[in-house]
Amino acid sequence: MTGPGSTTLTIDQALDLTVEVIASIAPDIADELPTLDRTIDLWEELQLDSMDHLNVMSELGDRTGVTIAERDYAGLRSLAAIADHLASATR
Amino acid sequence: MPDRELDRHDVFALPSLGADMDFGSVIEWRVAPGDTVNRGDVVAVVETEKADIDVEIWQDGTVAELLLEVGREVPVGTPMLRLGAKAPESVSTPPVQTPAATASAPPGEQAGIEAPLASPFARARAVELGIDLRGLSGTGPGGAVLVADVEAAAAAPTSEAIAPASTTSRRPEISGDGVRSAKRAEGMRRAIAERMALANRDIPHYQLDVDVDLGPMLDALERHNASLPIGERLLPAAMFLAAAASAAAAHPECNGTWIDGGFVAAPSVDLAVAISLRKGGLVTPVITAADTRSTTEIMALLKELVTAARSGSLKSSWMVDGSLTVTNLGDNGADRVHGVVFPPQVALVGFGRIKSRPWAVDGVVAIRPSSVRHWPPTIVRPMAWLAVAFSTHSLDDSNNRRSHDRPRIDHAHD
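Protein chains in written order, with the numbering used here: chain A, 1 to 91; chain B, 1 to 414.
In structure tokens:
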């Protein structure tokens with residue numbers, strides 16, 4: 001779903017943006033993000049919780065113009081999954 | 001130390017930033033002599049064993065003098081700064097001392113305290129054990145008396161026999177973040193362990209668990225969130241806090257503190273919210289008057305507290321004493337938490353993670369036949385364990401027990 005004001009993002013751009021947003025919301029684990037396996041479950045491995053999840057989705061929505069439905073949160077648990085979702089939503 | 005009297009009203013002392021805090025050290029001053037301050041302004045960042053806290057001042061005035069050297073660990077109650085009258089035009093204040101010169105005097109002298117320095121916890125323990133603090137030498141910073149000193153004195157035949165030889169100061173290292181966070185993790189573990197050991201020893205605990213079907217609550221939550229932008233959506237955690245707050249208001253015998261052998265009901269429901277820090281440890285900032293707030297308001301405050309806790313910017317006005325603690329293990333946590341009551345409180349509410357489980361609805365539970373593709377929705381429900389740890393101190397008559405037996409989430413709809 002593309003909202004007003006969303007601009008096209010490549011996968012790499014979406015990945016960079018996701019890392020940046022997670023780092024700003026969870027500064028205590030920011031140093032682990034650049035070297036992180038893109039496919040691992042952020043919530044299991046980095047102990048991000050539902051509050052972080054909500055904040056990340058909210059901030060990504062604001063930054064990209066992509067509206068992320070609540071039912072889509074569940075599948076967006078790795079850097080790769082989030083970046084894919086953003087890139088395809090802005091295409 | 002000059003013999004100038006410190007007027008109590010003009011001195012701002014290191015506040016207690018939670019019932020488990022005995023010591024703190026200023027790691028950064030945010031004000032300087034001559035600055036005008038208003039109630040609520042952050043005057044310093046104070047490092048405690050558990051977190052760095054932005055300390056807000058309680059009164060208006062002009063900073064006349066900073067009384068603590070950066071990095072020196074002192075007991076709660078040690079004067080931090082002196083205020084002059086709030087009249088910046090007429091500069092008739094006494095000559096301002098340099099902080100370093102002032103801070104070289106022991107904190108006891110600055111404060112004009114006659115009894116020896118002692119942590120609040122040590123004082124309470126001394127009263128309990130009938131120990132006179134004046135007969136003791138402390139092993140804490142600046143010779144302050146610690147709980148361990150009081151207990152050693154109680155165990156020894158005479159207090160003189162156990163007087164420690166030295167008063168080594170645990171001066172904090174501020175040489176780098178790595179050193180500080182390592183010290184922090186160690187201090188946090190020590191503080192929590194000490195507190196929990198005392199709680200387990202002194203509080204007669206019992207636990208009650210209830211398995212709760214959260215279907216109606218989550219349905220209401222989904223309908224509520226559907227029309228809202230992501231940033232305004234509610235999480236189950238906010239519903240749990242709101243539910244705990246309204247239950248606490250309905251059961252005042254669980255909402256308060258056990259002090260000096262008696263229960264004192266709290267005038268409001270001040271929920272201490274356990275927030276885990278990913279690098280280790282736990283902080284418990286407080287949502288005051290939680291029973292008077294909407295779930296939306298609680299959600300906003302919870303967001304603010306979690307963000308502040310994890311970015312190290314908790315404010316002193318949040319680090320007050322709660323009347324009841326709530327812990328929510330979240331979506332990656334365990335199914336049940338059998339908590340330890342945080343003294344001097346008398347109860348702790350723990351919410352386990354939400355999990356889909358088979359559950360009998362209307363007296364029916366079914367085994368899924370292989371020919372049925374999906375679980376009937378009325379049989380698999382989103383369930384969570386609600387566990388409440390009580391101190392027996394929260395029971396003053398048999399009627400209370402009846403109400404404890406049936407804790408329920410009765411705040412499912414905002």
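For every residue, glycine included, the Cβ atom is placed at its ideal position computed from N, Cα and C. Keep in mind the model is a prediction, meaning the values are calculated, not measured.
Assumed close pair residue i, residue j - CB separation to whole angstroms, cut-off 8 Å
{"i": "A13/B", "j": "T78/B", "result": "6 Å"}
{"i": "L241/B", "j": "V273/B", "result": "7 Å"}
{"i": "V337/B", "j": "A387/B", "result": "6 Å"}
{"i": "A478/B", "j": "V269/B", "result": "Lying before the first or after the last residue shown, residue 478/B is absent from chain B, which here runs from 1 to 414."}
{"i": "G61/A", "j": "I230/B", "result": "5 Å"}
Collapsed DSSP secondary structure at residue i in the structure displayed
{"i": "E56/B", "result": "strand"}
{"i": "P107/B", "result": "Residue placement at P107/B is poorly supported in this model, since its pLDDT is 40, which falls under 50; the coordinates still yield a value, given next. The answer is helix: DSSP assigns P107/B an H, G or I state."}
{"i": "K183/B", "result": "helix"}
{"i": "K279/B", "result": "coil"}
{"i": "I230/B", "result": "helix"}
{"i": "S311/B", "result": "helix"}
{"i": "Q97/B", "result": "Low local confidence applies: a pLDDT of 41 at Q97/B is under 50, so the model's placement there is unreliable, with the coordinate-based value given in what follows. The answer is coil: DSSP assigns Q97/B none of H, G, I, E or B."}
{"i": "A244/B", "result": "helix"}
{"i": "L66/B", "result": "strand"}
{"i": "K355/B", "result": "strand"}
{"i": "N49/B", "result": "Note that residue 49/B is Glu in the sequence shown here, rather than Asn. E49/B: coil per DSSP, three-state reduction."}
{"i": "I287/B", "result": "strand"}
{"i": "S25/B", "result": "strand"}
{"i": "I25/A", "result": "helix"}
{"i": "P236/B", "result": "helix"}
{"i": "L48/A", "result": "coil"}
Member of the options whose CA lies at the smallest distance from the CA of residue i
{"i": "L76/A", "options": "D52/A, T7/A, A26/A and D31/A", "result": "D52/A"}
{"i": "M383/B", "options": "K315/B, F390/B, R357/B and H393/B", "result": "R357/B"}
{"i": "R293/B", "options": "A245/B, V55/B, G256/B and N225/B", "result": "A245/B"}
{"i": "K279/B", "options": "A26/A, L9/A and G65/A", "result": "A26/A"}
{"i": "T48/B", "options": "D335/B, A289/B, L314/B and E232/B", "result": "L314/B"}
{"i": "A69/A", "options": "H85/A, I22/A and D16/A", "result": "H85/A"}
{"i": "P236/B", "options": "M188/B, L214/B, V306/B and V45/B", "result": "L214/B"}
{"i": "V46/B", "options": "S316/B, P343/B, G262/B and V346/B", "result": "S316/B"}
{"i": "V11/B", "options": "N328/B, K355/B and L67/B", "result": "L67/B"}
{"i": "N255/B", "options": "Q345/B, L305/B and E28/B", "result": "Q345/B"}
{"i": "R233/B", "options": "W29/B, A152/B and A300/B", "result": "A300/B"}
{"i": "H251/B", "options": "L277/B, L324/B and K303/B", "result": "L324/B"}
Span of the beta strand (DSSP E), counted from its first residue to its last, around residue i
{"i": "G262/B", "result": "G262 to A265"}
{"i": "A13/B", "result": "V11 to A13"}
{"i": "M383/B", "result": "V380 to S391"}
{"i": "G18/B", "result": "G18/B -> no beta strand (DSSP E), and no H or E assigned at all."}
{"i": "E73/B", "result": "E73 to P75"}
Beta-carbon contacts of residue i that lie in its chain and below 6 Å, excluding the five residues immediately before and after
{"i": "D321/B", "result": "A19"}
{"i": "V35/B", "result": "Per the sequence shown, the amino acid found at residue 35/B is Asp instead of Val. These residues qualify, in order along the chain: V63."}
{"i": "A87/A", "result": "L9, I11 and A14"}
The alpha helix (DSSP H) enclosing residue i, as first and last residue numbers
{"i": "P216/B", "result": "G215 to A226"}
{"i": "N328/B", "result": "First-last for N328/B: L324 to N328, but that is the beta strand (DSSP E), not the alpha helix (DSSP H)."}
{"i": "G34/B", "result": "Unbroken run through G34/B: none, as it is neither H nor E."}
{"i": "A87/A", "result": "L79 to T90"}
{"i": "M319/B", "result": "Unbroken run through M319/B: none, as it is neither H nor E."}
{"i": "L271/B", "result": "It is not in any alpha helix (DSSP H) - L271/B instead sits in the beta strand (DSSP E) that spans L271 to V273."}
Own chain residues within Cβ distance below 8 Å of residue i, not counting five before or after
{"i": "V326/B", "result": "F240, L241, A244, L271, A272, V273, A274, L348, V349, G350 and F351"}
{"i": "Y206/B", "result": "A389, F390 and T392"}
{"i": "D291/B", "result": "A245, S246, A248, A249, S268 and V269"}
{"i": "F263/B", "result": "E253, G256, T257, V346, H393, S394 and D396"}
{"i": "V21/A", "result": "V56, E59, L60 and R63"}
{"i": "R202/B", "result": "Residue identity differs from the one stated: residue 202/B is Asp in this sequence, not Arg. The answer, listed in chain order, is P343."}
Own chain partners of residue i with C-beta closer than 7 Å, once the 5 adjacent residues on each side are dropped
{"i": "D211/B", "result": "M383 and W385"}
{"i": "I57/B", "result": "F12, V37, R39, D41 and V43"}
{"i": "E160/B", "result": "Low confidence applies to E160/B: its pLDDT is 38, below 50, so where it sits in the model is not reliable enough to give any reading."}
{"i": "L33/A", "result": "V19, I22 and A23"}
Residue i: CB within 8 Å of a non-hydrogen atom of the ligand NAD
{"i": "A334/B", "result": "Absent from the structure shown: the ligand NAD. Ligands present: none."}
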